[in-house]
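Student: In my numbering, the protein residues as written are -7 to 253.
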Ligand SMILES: [Fe+2]
């Protein structure tokens, strides 16, 4: 499920085209671009590669400009940085973040999320992934009735003025799509869909199969990771911060392999 590629100035063009080729494979969903730790201006460097990777979207949010429903900045990059002033925002806390997709409430969300790492010295803080196909197998084995409901029930997600009405798990041929963020399930969700969301949340937290199926990726300074947002769930392990910005990542949404003008 995970492809790791070493990227440097002298092979960047070739690695980006390799990424776009591998992106077409259904079995690869998470791509780690291992960079050079000595690099400064890591975010600018990755942004300079966008013409070779795909098209970014202007979907950034910032906790400093409003409540959960009004945080859009109009920019590309958003900060995921340990900041003790915002203990209730996952983007700034040191807590473990439950598995989710980033586009849960955005119908037009691009095919990927990308993160670029400035600092990650804190112990822990791995980005975690589980393949949607692995999740499907776990549900078939551990909770087949729950799976039937997940495949057939619309569970709306809403935030920042956006709304997406979709099943949490959808099957299209051999591909399994996921759309899920426990904290973004819409307030007007029907009681039945709410019960379903609670059951799925509990399963993700407690299932031994899920625990065994999770793949952690520890980003190091200079690295980037890009993943098929709707074909994996991702989360974060808790970390032990010793100072502000101990874990500092920039993140954006991007259509990999799609080039517009
Ligand atoms: Fe996320």
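A virtual CB, placed ideally from N, CA and C, is assigned to each residue, including glycine. From a predicted model like this one, the values you see are computed outputs, not experimental measurements.
Identify whether residue 30 lies in helix, strand or coil by the three-state DSSP scheme.
Tutor: coil
Student: Can you give, in chain order, each stretch of the beta strand (DSSP E) that sits fully within the region -1 to 51 and has at least 3 residues?
Tutor: 22 to 26, 46 to 48
Student: Specify the secondary structure class of residue 151 as computed by DSSP and reduced to three states.
Tutor: strand
Student: CB-CB under 6 Å to residue 158, same chain, minus the five flanking residues each way: which ones, in chain order?
Tutor: Taken in chain order, the residues that qualify are 171.
Student: Where does the unbroken alpha helix (DSSP H) through residue 100 begin, and where does it stop?
Tutor: No alpha helix (DSSP H) contains residue 100, which DSSP labels as neither H nor E.
Student: Rounded to a whole number of angstroms, what is the C-alpha to C-alpha distance between residue 231 and residue 117?
Tutor: 5 Å
Student: Measuring alpha carbon to alpha carbon, tell me which residue in 209, 236, 234 is nearest residue -5.
Tutor: 209
Student: Got a sec, what are the start and stop residues for the alpha helix (DSSP H) residue 192 sits in?
Tutor: 183 to 198
Student: Kindly list the residues whose CB is nearer than 7 Å to the CB of residue 68, restricted to its own chain and excluding five residues on each side of it in sequence; keep chain order.
Tutor: Setting aside the 5 residues that flank it on each side, residue 68 is surrounded in the same chain by 48, 50, 52, 244, each with a C-beta closer than 7 Å to its C-beta; the list follows chain order.
Student: Anyone know if the C-beta pair for residue 111 and residue 239 falls short of 8 Å?
Tutor: yes
Student: Secondary structure at residue 225, three-state DSSP: helix, strand or coil?
Tutor: strand
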